[in-house]
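**Q** Have a look at this one.
Structure, rendered in structure tokens:
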């Protein structure tokens, strides 16, 4: 349950980073890589938000494993990859596809992890066997 607090902190830091990235990112990137390298503030902001989504996946994955939810862990990562690849196949400009893939794929994977954990916690609170034990009994 402390994982949800961590996700909130990551989201808050990501939101602040996205706002700062919009203002600081473009001039900083131009200074580092030359004036020929121009990035829109919205793109930098979106990439920071996408990094936040990836951080959510990095937080939810181990938390899912810690609850012995191996199948939802694997599904979360696999579906995140499939969704990201699907986003790259969309008929959009490359920049938009890349941002969308980096944002939506990890968010879908994190949602899968969180839903599995919530279901497991509710089952445990209701006195039912945790999902991981159900899986072991079927083997």
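In the working numbering, the protein residues as written are 211 to 349. Backbone N, C-alpha and C define an ideal beta-carbon position, used for all residues, glycine too. Computed from a prediction, not measured in an experiment: that's the story for all the values here.
(1) Assuming residue 315 and residue 297 form a contact by the criterion Cβ under 8 Å, report the distance between their Cβ atoms to the nearest whole angstrom.
(2) CA-CA distance, residue 317 and residue 245?
(3) Ignore the nearest five residues each way along the sequence and tell me which others in residue 285's own chain have a CB closer than 7 Å to its CB.
(4) Taking the C-alpha atoms as reference points, what is the distance between residue 212 and residue 273?
(5) Looking only at its chain, what residues have a beta carbon closer than 6 Å to the beta carbon of residue 300, apart from the 5 residues adjacent to it on each side?
(6) Which value, in whole angstroms, describes the spacing of the CA atoms of residue 238 and residue 255?
(7) If you follow the alpha helix (DSSP H) that residue 283 is in, where does it begin and where does it stop?
(8) For residue 264, count neighbouring Cβ atoms within 10 angstroms of its own Cβ and tell me buried if that reaches 16, exposed if not.
(9) Does the beta-carbon distance from residue 231 to residue 258 come in below 8 Å?
(10) Tell whether a beta-carbon distance below 8 Å holds between residue 279 and residue 326.
**A** Taking the definition as stated:
(1) Here residue 315 is taken as the residue at index 105 of the chain shown, counted from 1. Here residue 297 is taken as the residue at index 87 of the chain shown, counted from 1. About 7 Å separates the beta carbons of residue 315 and residue 297, which is inside the 8 Å limit, making them a contact pair.
(2) The sequence position of residue 317 within the chain shown is 107, counting from 1. The sequence position of residue 245 within the chain shown is 35, counting from 1. Roughly 33 Å between the two C-alpha positions.
(3) As a position in the chain shown, residue 285 is number 75, starting the count at 1. The beta carbon of residue 285 is closer than 7 Å to those of 322 in its chain, skipping five residues each way along the sequence.
(4) In the chain shown, counting from the first residue as 1, residue 212 sits at position 2. In the chain shown, counting from the first residue as 1, residue 273 sits at position 63. When rounded, the separation of the alpha-carbon atoms in residue 212 and residue 273 is 10 Å.
(5) Residue mapping note: residue 300 aligns to position 90 of the chain shown, counting from 1. Within the same chain, residue 300 has close Cβ partners 307.
(6) Start at 1 with the first residue of the chain shown, and residue 238 comes out as number 28. Start at 1 with the first residue of the chain shown, and residue 255 comes out as number 45. Cα to Cα, residue 238 sits roughly 13 Å from residue 255.
(7) Here residue 283 refers to the residue found at position 73 of the chain shown. Under the DSSP assignment, residue 283 falls in the alpha helix (DSSP H) whose first and last residues are 280-298.
(8) Numbered from its first residue, the chain shown carries residue 264 at position 54. Buried.
(9) As a first step, residue 231 is located in the chain shown; it is residue number 21 there, counting from the start. As a first step, residue 258 is located in the chain shown; it is residue number 48 there, counting from the start. Their beta carbons are under 8 Å apart, which means residue 231 touches residue 258 by this criterion.
(10) For the purposes of this step, residue 279 is taken as residue 69 along the chain shown, with counting starting at 1. For the purposes of this step, residue 326 is taken as residue 116 along the chain shown, with counting starting at 1. Less than 8 Å divides the Cβ of residue 279 from the Cβ of residue 326.
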